[in-house]
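S.K.: Following this message is one structure expressed as structure tokens.
Residue numbers (our numbering): 33 to 982.
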């Protein structure tokens, strides 16, 4: 009887699997993923969006007690009011409408605009307001919502001019109320701003607003008005609304460009940038404006003639304004006054060229790439608002350009740094050494504290120490500002605080810092597994606060910052620890009281991937994502510190209709005795009595992603793992460790041995194995097919095949030279071309192309900003010359990794057709048999299958 039941169960299981169809290329667009999510401050409501790859998203607002839910189609970017009673969000146009508008080549002004949605979380009513371009809640205070409308469509030039007149007085209310006619004017004109109290329903409308900002407490709202060319009496200037009393102040009256509105933390001071230069003036003269509660108008705080302003410098219109935490200091940026263009020059009579100089800090391509950023470069400067000696103090300059505030600006110094004099070497090192200074905010005096640091440095929250990691010594150090004393925190310790698995020819990075204890008493540093507490003055011994539990159990602990506003830990804190089991690849959370001696307490650990843990600000309510390779990630909520959790979303229920797959960890030993591991993906309907073709996909180390969900999608160029698995392939993703100077042989060592280990299983068809890799993986594909004939098909995306020519090339997306990549980072040669030319040749597949017997497709795009696309050309033309089966795909004006979705979809089809032909014996497509002549480009894509052979 038992045997009959077992056979019956197996029969039903077979029928169930048979009913599940394989994934096809039509499934991508509607496949879902979780977007942004958040909680109200009181934790009673959660918001999360479920997005489609290409289509309309849905926003869900869910009550966490009664599970009431509001679904808003096409909505995203939700924000909650400070009182937790309202939500606002943007509702996008229908995807199909936007698509059609693009097909019709409509102008931006003619496109359908976003709608603002406002949800009342008490009544569950949703109000919709069309054509809204931006909206804001204040961080605290009353439920006020300010939103600006899109420019009203010009229906036929029949709009009537406004008839309001009169000069504005101190309260100016009537002057701003909008009429019923649409606003006209130039493209840069502001639009209607509506300020609404969502509790009372009261709203105010102000016209021609270009920018606006709330104070932190929501009691003040500042906005700029551009005026209108069609309405002579339209408001112009900067205005401040007292949202409680409804009083409006005119801060600046008249035409100008005003922006960068910044309130201090106590909502008592306001600063902004402004210029009133003639509209056609090329060089705009920006000033810093200031206002406080006691001032009726804004005053120019800093202008070009301010004492302390360097010669030929002025306030930068591209700078950011920041008040110190106590509101006593204002930080801003200054920049050299730009030279106007010489309008007497005749364009066609002057040469256009770039001159590369060997003394230049940066190569010309890098300078050109960063041109816009450099033109906006400005230098941190400070003014003491209350000082009787009104002057500014420049804190940085051309030779000392970078600085960060200390103690939120309250400290009497900033931490400044520079790589001036060390920049040229970044061409072959990939980075530069930096000098660090303490710069006095009162005098501008500089004190050098670090010279030539190869590492990172940052101030402590309380401003008492500078913490830095020196890669040369592999030591964490604290510099005590009061005494100038430096303490090497981990000196003499056997535990390593730097990357133990570093396998590039450069100094390893640190594992990082978790943060500081209040009053700068302790700093918390990571080793590979655990968290250590160090006294920054060195007076007490280091303490492993996770009690070595991580190292003992091969678990890596990292602190979760569930309060993004917390600048430091307190003695009462209980830390949330993200936990990753390096043996099983399981993931979860532990908790650890920061002030006790106990080991971390397990909260949850599972064969899953947990991510994006968010806590309600004023309640013990948590929201997070959870998924695995088998289960599409969903949103969960917990009100008992994750002991239990309720699933809120249900993404991708259609997955149950498809033959999905499983992921398992496999381990093997390489020929040289190295222990390695990787992931083996199998079809859901896997039958050990059948033989399966296998595709090997690799990029560095991937096994930690065992429980990561892989959505079927048109990838940028990676292997579409779930698609191939669903269609009857095994997919193997082996980890690779590298030996400096021999990256190609390292790939052979780990990839080939992993494949040979799997081939011992009868269900692997050893004659039908393909390999696929992109970028660094593409290089390894190219190398492997010159070293072995064990692969029946190969796909190489953006491969380097000639390291001798690539070495001196340019990474056009950054403008950097490629030398650093070979000497210090991923390409792992560890020497210059002149020091070890034999290694560059050994690791260049180009020189061994005659050995290739494996059919290969190369993707090499003409706008690749990382790998010179001529590398793919060198590979293809070499193989073509040798009569080897090879195809080159050049997606026009495409990047290193495909960006345009139509190209991503295209490559999925070609990749399936290629591997199906060589690994499954399917028919070949036309593009493989006869190609696509240039005369047919854009008319046919060659996907049709044929009985002819390539």
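All C-beta atoms in this analysis are idealised placements derived from N, C-alpha and C, irrespective of residue type, glycine included. Since this is a predicted model, take the numbers as computed values, not measurements.
Between the beta-carbon of residue 985 and the beta-carbon of residue 498, is there less than 9 angstroms?
M.R.: It is not possible to answer for residue 985, since the shown part of the chain is limited to 33 through 982.
S.K.: Quick one, which of 174, 759 and 721 has its alpha-carbon nearest residue 715's?
M.R.: 759
S.K.: Would you check if there are 3 or more beta carbon pairs closer than 8 angstroms linking the segment 720-730 to the segment 945-961?
M.R.: The segment 720-730, when compared against the segment 945-961, does touch it at the 8 angstroms Cβ threshold.
S.K.: Just mark residue 332 as buried or exposed, buried being the case when its beta carbon has 16 or more other beta carbons within 10 Å.
M.R.: Looking at its Cβ environment, which holds fewer than 16 other Cβ atoms inside 10 Å, residue 332 is exposed.
S.K.: Is it buried or exposed, residue 143, if we count other Cβ atoms within 10 angstroms and call 16 or more buried?
M.R.: exposed
S.K.: Would you list the one or two residues that DSSP bridges to residue 696?
M.R.: 712
S.K.: Using a 10 Å radius around the Cβ and a threshold of 16 neighbouring Cβ atoms, would you call residue 31 buried or exposed?
M.R.: Summary: the structure shown does not reach residue 31, with the chain confined to residues 33 through 982, and so no result is reported for it.
S.K.: Which stretch, first to last residue, makes up the alpha helix (DSSP H) that contains residue 819?
M.R.: 808-819
S.K.: How about residue 91: is its Cβ closer than 8 angstroms to a heavy atom in the ligand GTP?
M.R.: No copy of the ligand GTP occurs in the structure displayed, which carries no ligand at all.
S.K.: Provide the residue span of the alpha helix (DSSP H) that contains residue 133, from first to last.
M.R.: 127-135
S.K.: In terms of DSSP beta bridges, what is residue 304 paired with?
M.R.: 321
S.K.: Can you give me the C-alpha to C-alpha distance between residue 686 and residue 718, rounded to a whole angstrom?
M.R.: 20 angstroms
S.K.: Could you pull out every residue in the same chain whose Cβ sits closer than 6 angstroms to the Cβ of residue 127, ignoring the five residues on either side in sequence?
M.R.: 87 and 88
S.K.: Using only alpha-carbon positions, find the residue among 899, 395 and 976 that is nearest to residue 843.
M.R.: 899
S.K.: What's the gap between the Cα of residue 699 and the Cα of residue 585?
M.R.: 19 angstroms
S.K.: Can the beta-carbon of residue 690 be found less than 9 angstroms from the beta-carbon of residue 55?
M.R.: If you check the CB distance, residue 690 and residue 55 come in under 9 angstroms.
S.K.: Which runs of the alpha helix (DSSP H) spanning at least 4 residues fall entirely within the segment 836-907, listed in chain order?
M.R.: 851-855 and 869-874
S.K.: For residue 957, count neighbouring C-beta atoms within 10 Å of its own C-beta (all shown protein chains included) and say buried if the count is 16 or more, exposed if not.
M.R.: So residue 957 ends up on the buried side.
S.K.: Give me the Cβ distance between residue 93 and residue 646, rounded to the nearest whole Å; I'm assuming they're in contact under 8 angstroms.
M.R.: 15 angstroms between Cβ atoms; not a contact.
S.K.: Buried or exposed for residue 323, going by 16 or more other Cβ atoms inside 10 Å?
M.R.: By the neighbour-count rule (16 or more Cβ atoms within 10 Å), residue 323 is buried.
S.K.: What's the call for residue 167, buried or exposed, on a 16-neighbour Cβ count within 10 Å?
M.R.: Per the 10 Å Cβ criterion, buried.
S.K.: Do you know how far the Cα of residue 852 is from the Cα of residue 803?
M.R.: 28 angstroms
S.K.: DSSP state of residue 392, grouped into three classes?
M.R.: coil
S.K.: Are the Cβ atoms of residue 354 and residue 345 separated by less than 9 angstroms?
M.R.: In this structure, residue 354 lies away from residue 345, with their beta-carbon atoms at least 9 angstroms apart.
S.K.: Quick one: is residue 100 buried, meaning 16 or more other Cβ sit within 10 Å of its Cβ, or exposed?
M.R.: Only exposed fits residue 100, as fewer than 16 other CB atoms lie within 10 angstroms of its CB.
S.K.: Please report how far the alpha carbon of residue 162 lies from the alpha carbon of residue 91, in whole angstroms.
M.R.: 17 angstroms
S.K.: Indicate whether the contact test is met: 3 or more Cβ pairs, each with one atom in the segment 556-565 and one in the segment 521-535, closer than 8 angstroms.
M.R.: yes
S.K.: Between the Cα of residue 871 and those of 881, 886, 887 and 854, spot the shortest distance and give me the residue it belongs to.
M.R.: 854
S.K.: Counting only runs that start and end within the segment 87-158, where is the beta strand (DSSP E) found for 3 or more residues in a row?
M.R.: 90-95, 101-105, 107-112, 118-123 and 147-152
S.K.: Taking 8 angstroms as the threshold, find out whether the segment 104-111 comes into contact with the segment 64-82 through three or more Cβ pairs.
M.R.: yes
S.K.: Ignoring anything shorter than 3 residues or poking outside the segment 768-809, list the beta strand (DSSP E) runs there in chain order.
M.R.: 796-806
S.K.: Quick one: what does DSSP say residue 757 is sitting in, helix, strand or coil?
M.R.: Helix at residue 757.
S.K.: Leaving out the 5 sequence neighbours to the left and right, which residues in its chain are closer than 8 angstroms to residue 729 when beta-carbon positions are compared?
M.R.: 750, 751, 753, 763, 764, 765, 803, 804, 805 and 809, listed in sequence order.
S.K.: Can the beta-carbon of residue 247 be found closer than 9 angstroms to that of residue 302?
M.R.: yes
S.K.: Who pairs with residue 679 in a beta bridge, going by DSSP?
M.R.: 668
S.K.: For residue 955, which residues of its own chain have a beta-carbon under 8 angstroms away from its beta-carbon, when the five flanking residues on both sides are left out?
M.R.: Correct list, in chain order: 949, 977, 978 and 979.
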